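Data block below; observations after.
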Amino acid sequence: MELRVISVSELLADSISLDRPVLVTHIEHLDHLQTLTDWLEPKALRSHPITFISSQTGHSFTHSVSDISAIAGKSLPLQAYIPPQLTTQAIALQSLIDVVAQLRNPNGGCPWDLEQTAETLIPYIIEEAYETVDAIRQGEQTAIADELGDLLLQVILQSQIASESQHFTLTEVAQGITQKLIRRHPHVFGDVQVNSIDEVHTNWDKIKAAEKG
59 MELRVISVSE LLADSISLDR PVLVTHIEHL DHLQTLTDWL EPKALRSHPI TFISSQTGHS
119 FTHSVSDISA IAGKSLPLQA YIPPQLTTQA IALQSLIDVV AQLRNPNGGC PWDLEQTAET
179 LIPYIIEEAY ETVDAIRQGE QTAIADELGD LLLQVILQSQ IASESQHFTL TEVAQGITQK
239 LIRRHPHVFG DVQVNSIDEV HTNWDKIKAA EKG
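Sequential numbering from 59 applies to the sequence shown in my numbering.
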């Protein structure tokens, strides 16, 4: 994963994603530490441990920026290494994946979940799809969110069962649909020009046919 290096003076003026590691350089005085604190605050990382590296000695220590006076007492100037952060969305999805894996765990899992196969879950996929459609048609947002969760569970369950037999994983499912969307939208991710939705449909059908040989 590529490291992003940026001076502390550029932090607030630059939109930086923490989906990759960041090294903040030229932290030379208390104001710079305050800038780092202000930058981390909206990301809910003010109390998150950060690795600081002395630019003079190379020694490192871990500290949150919630108490910048304690950091200022260390050897300035400093650099701050911030590891990539999981988004709230990624954490929530991983939690669901972990719960499903535990339900399917032969040691302490759920007997009902353990006896399910890809085939026995088919009725539940159909049921959840219909219930999702009904919720959408009714326009009740809370119900839609609930039903989408039930439908998502079926995707993760099927992927978990497949991974146990080493057929495919949820990662491969996600990567596959991502790559497909990119391939079939060359007017977004490539240099193809389109002037109408009809052209989008035509391109989609051509690409789909080519993929299937």
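Built from N, CA and C at the ideal position, the CB exists for glycine as well.
Given the structure is predicted, the values throughout are model-derived calculations rather than measurements.
- Beta-bridge partners of S118 (DSSP): I111.
- For L94, the enclosing alpha helix (DSSP H) has its first and last residue at 88-98.
- Every unbroken stretch of the alpha helix (DSSP H) spanning 4 or more residues and falling wholly within the stretch 195-251 is given here in chain order: 199-222, 228-241, 244-247.
- When the alpha-carbon of Q114 is set against those of L91, T260, S133, D125, the nearest one is in S133.
- For the 9 Å CB-CB criterion, I140 and V82 form a contact.
- Around the beta carbon of I240, fewer than 16 other beta carbons sit within 10 angstroms, so the residue counts as exposed.
- Assigned with DSSP and collapsed to three states, T145 falls in coil, not helix or strand.
- The beta-carbon separation of A138 and F110, rounded to 5 Å, stays under the 8 Å limit for a contact.
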